[in-house]
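Trainee: Residues -30 to -1, 1 to 359 (mature numbering (1 follows the signal peptide of the UniProt record, and there is no 0)) make up the sequence shown, in order. No residue lacks a Cβ here, since even glycine has one placed at the ideal position from N, Cα and C. Predicted model only: the values in this text are computed from it and were never measured.
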Amino acid sequence: MAEGGFLWRRVTRILLLVTAFSLTAAYANTQPVHAALHEARQSQPQGKARWDELHSIYLANLRNSLEPNGHCTWDNMVVRREWGDMSKQARLDYLSALHCLKNRPGMTSHSAFPGARGRWDDLAVAHLINVQSIHRSPWLSVWHRHYTWRLELALREECGYEGGLPYWHWSKYLDQDVNTWPLFDGSETSISGNGTQTGPECACVANGPMASWTINLGPQGQDTWGCKRNPRADGLGYNPACIERTFNTRYLNSLRWDEVVYTIDEAHDANRFAQLIELESPSVHNAPHLFIGGTQLDVTFSSQDPWFFFHHCMVDFLFSVWQSLDWNVRTTSLPGSHIFDQIRSQGGWSLPTPEVDLKSIIHLSPVFANITVEQAMWPTKNYYCYRYE
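(1) What are the complete alpha helix (DSSP H) segments, minimum 4 residues, inside the region 54 to 110?
(2) Is DSSP giving E344 helix, strand or coil here?
(3) Run the CB neighbour count on R33, radius 10 Å, all protein chains shown included, and call it buried at 16 or more, exposed below.
(4) My understanding is that P152 touches R50, with C-beta atoms under 8 angstroms, so please give their C-beta distance in whole angstroms.
(5) Quick check: does the Cβ of M56 come within less than 7 angstroms of any heavy atom belonging to the ligand MG?
(6) Any contact of the region 84 to 100 with the region 273 to 280, i.e. 3+ C-beta pairs under 8 angstroms?
(7) Using 10 angstroms around the beta-carbon of Q190, count the other beta-carbons present and answer buried if the total reaches 16, otherwise exposed.
(8) Where does V337 sit, in a helix, a strand or coil, going by DSSP?
(9) In angstroms with no decimal places, state the Cα-to-Cα distance between L249 and I309.
(10) Under the rule that 16 or more other beta-carbon atoms within 10 Å means buried, what is E9, buried or exposed?
(11) Find the nearest neighbour of W183 within the set S315, I262, I341, D91, judged by alpha-carbon distance.
(12) Helix or strand or just coil, what does DSSP make of S303?
(13) Give the list of continuous beta strand (DSSP E) stretches no shorter than 3 residues that lie fully inside the region 122 to 199.
(14) Tell me the DSSP bridge mates of V48?
(15) Straight-line CA distance for A5 to V285?
(16) How would you label R(-18), buried or exposed, when you count the other beta carbons within 10 angstroms and need 16 or more for buried?
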C-alpha cells in the first residue's frame, strides 16, 4: 500500500503536467528545417547505397568492439531483423509471443493504476509515468533502448520466444502501397493494417492479428482522440478499447533513405544527433508516429499498440549505427539539456529540462529493475547482447 501511495502521488503530479499532452504537441511542433536544405537532402543520390554502407560499417565495428573474454559474442548475440526479412514462422512466433505476454498477469499496483490488468500494461505504465522526462529531452534514445530491450527480455523469458525484437525499416517499402507492406498487409503474419473509420475520432483496427487486441489505459481528458472516453480524466481507469490507426502518408516523405542517412552523417556529436532525431522537422522519430495516427495521437499511452516497438527498435538501430562510427566517444557522450529548453517552453512543458549523465538512473517503473545510463550505452555490454541484421 505504501508503494502504491507513493507511486500514485508521483504519477498524479506527472499527469497533471501532461493533461493536454497530444502527439501534435509532442511530435509535430518541432523546429522547421530550411526548405532549401530539405530539398538538397532529398536530391542526394544513392541514399540506399549509403545506408547499406553504414550498416556494413556498423556490423564490422560491432564485431571488432567485442571484448575477448566478454559475455557477449558474435555467436550468442540476439539478432534483430527487419520484419519483412523474417521467415513466415519467425513472424508467427513473434505474434504468438506478443499475445502470450498480453495475456500474462501484470505486476503493476492496481490501486495506483486501475486500468492496468496485464503484463503488457506494465510496459504501458512505464512509458506513461516517464513521458515528459523521455521526450524533448536528452533521454529519448537511451531510455527507449532499455525500454525496447525490456520487452524483448520479457518475450524471451516469459513466453519462450527465441528470436530478437523485429524492427520496421522506415525507408524499405516507400515505393510500394502501404497496404502491401509486410507489417500492414492484414495477413496472418502482419500486425493488421489501417483502422476503419467509424466516426470523426474513431478508427479501430478491425481485421488481422491485432483485431482482438485491447488497450486498457487512456485516453486522457474528453477533448482527445479515441473511440471510448476513459472513466477517469487522467486516463488511468480501466477502458478496454481497440487499437486505432489513421494512416497519413504525407509524413512518409520524411522517411526516405536520404533522410535516414542524413540523420547519421550530419550528426557530428550527441547534441546534433538529438536535434536531428527529435527536434527538427521532419524527423525520423516523429514522422512515423504521425503517419500511424490514431492511438499514437495520445503519446502518453501510445506504447500500447505493438507497432510502437517496431518503430522504436528502428530508432535504436539508427542510434546504434551512429554510435558505431566512433564507439569510444559516442558511448560516453550525451546531449545537453539546454538544447531542449526552448521547445519545451513553447509547448508548455515542465522546466528545467531533465538532465542526464552516465551515472543517471534509467527508471521504467517499480515493476522493473533500474540500471544506469552508462550500462545502457553499449548494445553488447552489461545487460545487452544484440545486433541488427
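Mentor: A quick look at the data gives this:
(1) The qualifying runs are 58 to 73, 89 to 99, 101 to 104.
(2) In the three-state scheme derived from DSSP, where H, G and I count as helix and E and B as strand, E344 is classed as helix.
(3) Exposed is the call here.
(4) That belief does not hold up - the Cβ atoms of P152 and R50 are roughly 15 angstroms apart, past 8 angstroms.
(5) Among the components modelled here there is no ligand, and therefore nothing to report on the ligand MG.
(6) Yes: the two stretches touch, three or more of their Cβ pairs being nearer than 8 angstroms.
(7) Counting Cβ neighbours within 10 Å, Q190 comes out buried, since at least 16 surround it.
(8) Look at V337 here: in three-state DSSP terms it is coil, with no helix or strand label.
(9) Computed Cα separation, rounded: 9 angstroms.
(10) Its pLDDT being 45, under 50, E9 is placed unreliably in this model, and the coordinates cannot settle the point.
(11) Measuring from the Cα of W183, the nearest candidate turns out to be D91.
(12) Note: S303 maps to coil in three-state DSSP.
(13) Listed in chain order, the complete beta strand (DSSP E) runs (minimum 3 residues) inside the region 122 to 199 are 166 to 169, 172 to 174.
(14) V48 is bridged to Y356.
(15) Legend: pLDDT at A5 = 41, less than 50; position of this residue unreliable, value from coordinates given subsequently. Each residue's Cα considered, the two are about 24 angstroms apart.
(16) In this predicted model, R(-18) has a pLDDT of only 39, less than 50, meaning its place in the structure is not dependable; the value taken from the coordinates is given anyway. That one is exposed.
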